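The structure appears right after this line, and notes come after that.
Protein chains: 2
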Amino acid sequence: MKYSKAMEAIKPSDIREILKLTANPEVISFAGGVPDPDLFPIEALKKATDEVFEKSARRALQYGTTEGFLPLREKIIAMMKERGIDADPDQLLLVTGAQQGIEFAGKVFLNPGDAVLCESPSYSGAVNAYLPYLPKFIEVPTNDDGISVEAMAKILEMEEKPRLIYVIPNFQNPAGRSWTTETRIKFMELMEKYDIPIVEDDPYGNLIFEGETPPSLKSMDKKGNVIYLGSFSKILCPGLRTGWICAREDILRKFVVVKQCADIHSNSLAQEIIATYLEHNDINEQIEKIKQLYRHRKDLMIAAIEKYFPAECKYTNPNGGMFIWVEMPDGFNTRDILKDALAEKVAFIPGGGFFPAEENEKCFRLNFSTMHDDRIEEGIKRLGRILQAYIDNGKKCDEA
Amino acid sequence: MKYSKAMEAIKPSDIREILKLTANPEVISFAGGVPDPDLFPIEALKKATDEVFEKSARRALQYGTTEGFLPLREKIIAMMKERGIDADPDQLLLVTGAQQGIEFAGKVFLNPGDAVLCESPSYSGAVNAYLPYLPKFIEVPTNDDGISVEAMAKILEMEEKPRLIYVIPNFQNPAGRSWTTETRIKFMELMEKYDIPIVEDDPYGNLIFEGETPPSLKSMDKKGNVIYLGSFSKILCPGLRTGWICAREDILRKFVVVKQCADIHSNSLAQEIIATYLEHNDINEQIEKIKQLYRHRKDLMIAAIEKYFPAECKYTNPNGGMFIWVEMPDGFNTRDILKDALAEKVAFIPGGGFFPAEENEKCFRLNFSTMHDDRIEEGIKRLGRILQAYIDNGKKCDEA
Numbered sequence: 001m002k003y004s005k006a007m008e009a010i011k012p013s014d015i016r017e018i019l020k021l022t023a024n025p026e027v028i029s030f031a032g033g034v035p036d037p038d039l040f041p042i043e044a045l046k047k048a049t050d051e052v053f054e055k056s057a058r059r060a061l062q063y064g065t066t067e068g069f070l071p072l073r074e075k076i077i078a079m080m081k082e083r084g085i086d087a088d089p090d091q092l093l094l095v096t097g098a099q100q101g102i103e104f105a106g107k108v109f110l111n112p113g114d115a116v117l118c119e120s121p122s123y124s125g126a127v128n129a130y131l132p133y134l135p136k137f138i139e140v141p142t143n144d145d146g147i148s149v150e151a152m153a154k155i156l157e158m159e160e161k162p163r164l165i166y167v168i169p170n171f172q173n174p175a176g177r178s179w180t181t182e183t184r185i186k187f188m189e190l191m192e193k194y195d196i197p198i199v200e201d202d203p204y205g206n207l208i209f210e211g212e213t214p215p216s217l218k219s220m221d222k223k224g225n226v227i228y229l230g231s232f233s234k235i236l237c238p239g240l241r242t243g244w245i246c247a248r249e250d251i252l253r254k255f256v257v258v259k260q261c262a263d264i265h266s267n268s269l270a271q272e273i274i275a276t277y278l279e280h281n282d283i284n285e286q287i288e289k290i291k292q293l294y295r296h297r298k299d300l301m302i303a304a305i306e307k308y309f310p311a312e313c314k315y316t317n318p319n320g321g322m323f324i325w326v327e328m329p330d331g332f333n334t335r336d337i338l339k340d341a342l343a344e345k346v347a348f349i350p351g352g353g354f355f356p357a358e359e360n361e362k363c364f365r366l367n368f369s370t371m372h373d374d375r376i377e378e379g380i381k382r383l384g385r386i387l388q389a390y391i392d393n394g395k396k397c398d399e400a
Numbered sequence: 001m002k003y004s005k006a007m008e009a010i011k012p013s014d015i016r017e018i019l020k021l022t023a024n025p026e027v028i029s030f031a032g033g034v035p036d037p038d039l040f041p042i043e044a045l046k047k048a049t050d051e052v053f054e055k056s057a058r059r060a061l062q063y064g065t066t067e068g069f070l071p072l073r074e075k076i077i078a079m080m081k082e083r084g085i086d087a088d089p090d091q092l093l094l095v096t097g098a099q100q101g102i103e104f105a106g107k108v109f110l111n112p113g114d115a116v117l118c119e120s121p122s123y124s125g126a127v128n129a130y131l132p133y134l135p136k137f138i139e140v141p142t143n144d145d146g147i148s149v150e151a152m153a154k155i156l157e158m159e160e161k162p163r164l165i166y167v168i169p170n171f172q173n174p175a176g177r178s179w180t181t182e183t184r185i186k187f188m189e190l191m192e193k194y195d196i197p198i199v200e201d202d203p204y205g206n207l208i209f210e211g212e213t214p215p216s217l218k219s220m221d222k223k224g225n226v227i228y229l230g231s232f233s234k235i236l237c238p239g240l241r242t243g244w245i246c247a248r249e250d251i252l253r254k255f256v257v258v259k260q261c262a263d264i265h266s267n268s269l270a271q272e273i274i275a276t277y278l279e280h281n282d283i284n285e286q287i288e289k290i291k292q293l294y295r296h297r298k299d300l301m302i303a304a305i306e307k308y309f310p311a312e313c314k315y316t317n318p319n320g321g322m323f324i325w326v327e328m329p330d331g332f333n334t335r336d337i338l339k340d341a342l343a344e345k346v347a348f349i350p351g352g353g354f355f356p357a358e359e360n361e362k363c364f365r366l367n368f369s370t371m372h373d374d375r376i377e378e379g380i381k382r383l384g385r386i387l388q389a390y391i392d393n394g395k396k397c398d399e400a
């Protein structure tokens, strides 16, 4: 069977393949990227579901509009308003998780050979979604202040401009880093000179541990070039697969047409359940619970890393989200290390898949949202032993 | 803002734009393509939902596997077995409605300029899904026996073979026609000579009014080139957006990777609800109810057409599904006629969008699944008056 060129470019997600290996409950897995199901507001969602079945089952089980259930779109607009984004329902499209918005942006904007500019590292699920559109990737260096606007400015001076910019300014997957307010202001000032669509992927923006989340790019978007992606996956639950795209109306119309072709519309029942849940519950209380638990686990993991990891390992200490990023010295390959880790029943995600343009195998991602305290301590301890052995033996670990 | 070439090819769905005009409840709409919500088994689905919340809420609200919830895949395999299709879970992928399967086939197989072969007419939602892949369309003549295998044989002798075949052998949208068993056998015999993937879209195969549905192409698929698309939208409810792709394992793996990039996986809650519903209910009883009501309405609509439509109009008399197809004499344009019809508060879908390669504006589609008896009679009466005026005035209707 002969496949398309898009298909030749695409590859199975590393992460999802590793996750299959960690299905064994004995494995202490820092590999996942899923929320803790203990935090799902099951009772409140059950009540909302009961109400939907009682009041609007015929509608909730029927085909709906491509744009999505209007009362939910209105509630999302109110939520975004709290984050400084002004939008109206014609600028909002409901999608099957923010992932669908990422992928649609490829279809809407990319021709083969076009350049996609992203942070280094960037979300591997976005990289994989854009690969079938046969782009080049340009990675922009990122540090604890966020993307390097200076490096971006140089790239944008080149003759061939990127056709699409993809960024995750808050508690980025994989590195856990956030852009400072100053970085955001400088970034948006720079972007005012260009007409390049900017996908602002923001699944973690609400999950800040201390202080207030800096303003979103969309809230500073004078030209209307920012395509903001939001999601209920990390603040409510992911199984309902409900996210949204907020963009200038003329841009959003293109996404609506792509959505019609892709799957007509997203699950109606899920949209009505979430709208009803938001009617009767303050999602900020739910978010507060998530933040407290994740913060506790992150602090615990950082403390364990300080205690058990070799001094040669650098790591981020995120103020939100679900991930810590660890960098080994040059020359180490975390795909190899993972094999030893799995033998010791502890797992992480090797960082290679988060670098679409560069070769970089010395980093890995740790997730802190799902493991309980004792497993965080024990898992980091085991991992520290393995990393130490690699350091001691210089890239080789015979006896972990 | 500059968009991709794919985006320039894509266009908003005619149908969904017309449906917005028919939202006024005074309009007698034969334009829709939706099931009658009075038939949704709301109580049984409510019970299934309660059980999911009670027994497996944490799982149903969490991320799931890309392939879909295994117990539901197993139940679908049992359902397909009744239709003569042998498959195992590794050959099945759950998607957000069969529409998503249609679209994915474009991504998996099509490069720009490739030819897609389809029936004439064919489902406009498939045509629109493939347009962004910049294909050529080849329409194959279709009559009451189904696709013309003779015409197909000639097309396949040409040097440039189609890269993808898309067909709807059962009660096709829009024409309501079904392929005879003989057509299917001849078609599959012909296709044995080639290695061309065949998308068999089968949302209506269960909804046969009299006799038994002829065997699916997939059940005769010796080479494993048929990609079968099934859906719960017309036999249970569409709001849960659950359909499936059944294909040879190596082909299916490609669709799984595309699904990962597209939206990670479909709604988990919906999958668990449907699996639980199927556990406790015989879906064939549900299908029987749907068939009886739709058959009644189809008979009524055909009787009204016989009574009120001008003798110059040809129409299909389907043995299943949801649609009747009407053909006006040459020279008439049903997009114009629709304007007069909407003024008289009756609606249909003009046929032009169902012909991807040819210019054909003289046909239109009537849906019989949702309107009650008196409205079918009254709507067809109004429409008959309008059509008669067009016939009498020769393409022009000043006073409907």
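Sequence lines, in order, name chains A and B.
Residues in the first sequence are numbered consecutively from 1, following our numbering.
Residues in the second sequence are numbered consecutively from 1, following our numbering.
We put the CB at the ideal spot given by N, CA and C, even for glycine.
The structure displayed is predicted, hence computed values, not measured ones.
Residue span of the alpha helix (DSSP H) that contains residue i, given as start and end
i      : result
B:F137 : It is not in any alpha helix (DSSP H) - B:F137 instead sits in the beta strand (DSSP E) that spans 136-143.
A:S268 : 268-280
A:I185 : 181-191
B:I76  : 70-82
A:I305 : 283-308
B:A6   : 5-9
Span of the beta strand (DSSP E), counted from its first residue to its last, around residue i
i      : result
B:E119 : 115-120
B:V27  : From DSSP, B:V27 is part of no beta strand (DSSP E); its letter is neither H nor E.
B:E200 : 198-201
B:E226 : Looking at the sequence itself, residue 226 of chain B is Val, so the reference to Glu does not match. Taken as a continuous stretch (DSSP letters only), the beta strand (DSSP E) holding B:V226 covers 226-231.
For residue i, the three-state DSSP class (helix, strand or coil)
i      : result
A:C397 : Low confidence applies here, because A:C397 scores a pLDDT of 48, under 50, leaving its location unreliable; read the following figure in that light. Correct three-state label for A:C397: coil.
A:R59  : helix
B:L45  : helix
A:F53  : helix
B:C237 : coil
B:Y390 : helix
B:K314 : strand
A:Y204 : coil
A:L164 : strand
A:Y133 : helix
B:V256 : helix
A:I85  : coil
A:S216 : coil
A:N128 : helix
Own chain partners of residue i with C-beta closer than 7 Å, once the 5 adjacent residues on each side are dropped
i      : result
A:F342 : Here residue 342 of chain A turns out to be Leu, not Phe, going by the sequence shown. Excluding residues within five positions, the ones whose Cβ falls inside 7 Å are L21.
A:G101 : V95, L229, G243, I245
Bridge-paired residues (DSSP) for residue i
i      : result
A:I324 : A:L366
A:L94  : A:W244
A:G146 : A:N143
B:L110 : None; B:L110 has no bridge partner.
B:A347 : B:S29
Own chain residues within Cβ distance below 8 Å of residue i, not counting five before or after
i     : result
B:I10 : N128, L131, P132
B:D14 : S124, I349, P350, G352, G353
Nonlocal neighbours in the same chain, by C-beta distance under 6 Å from residue i, ignoring five residues either side
i      : result
A:A48  : I273, T276, Y277
B:G224 : R248
B:G394 : none
B:I28  : V346, R375, G379
A:R382 : E344, V346
B:G402 : For residue 402 of chain B there is no data in the structure shown, the boundaries of chain B being 1 and 400.
Proximal residues, the stretch 61-88 of chain B versus chain A, C-beta separation under 7 Å: The stretch 61-88 of chain B vs chain A, Cβ under 7 Å: L61, Q62, Y63, G64, T66.
Near-chain A residues of the stretch 96-119 of chain B (beta-carbon distance less than 7 Å), N- to C-terminal order: T96, G97, Q99, Q100, E103, K107, V108, F109, L110, N111: these are the residues of the stretch 96-119 of chain B whose beta carbon lies less than 7 Å from some beta carbon of chain A, given in chain order.
Where the stretch 132-166 of chain B meets chain A: residues whose CB sits under 9 Å from a CB there: The residues in question are P132, Y133, R163.
Cβ-based contacts, 8 Å cut-off: residues of the stretch 196-229 of chain B near chain A: Residues passing the 8 Å Cβ filter: P197, N225.
Residues from the stretch 168-192 of chain A in contact with chain B, defined by Cβ distance under 7 Å: Listed by position along the chain: nothing, the set is empty.
Short-range partners of chain B found in the stretch 270-281 of chain A, where Cβ spacing is below 7 Å: The stretch 270-281 of chain A vs chain B, Cβ under 7 Å: A270.
Residues within the stretch 12-36 of chain A neighbouring chain B, beta-carbon criterion of under 7 Å: Under the 7 Å Cβ criterion, the stretch 12-36 of chain A contributes P12, S13, R16, V34.
Near-chain B residues of the stretch 247-263 of chain A (beta-carbon distance less than 9 Å), N- to C-terminal order: Listed in sequence order: R248, D250, I251, R253, K254, V256, V257, V258, Q260, C261, A262, D263.
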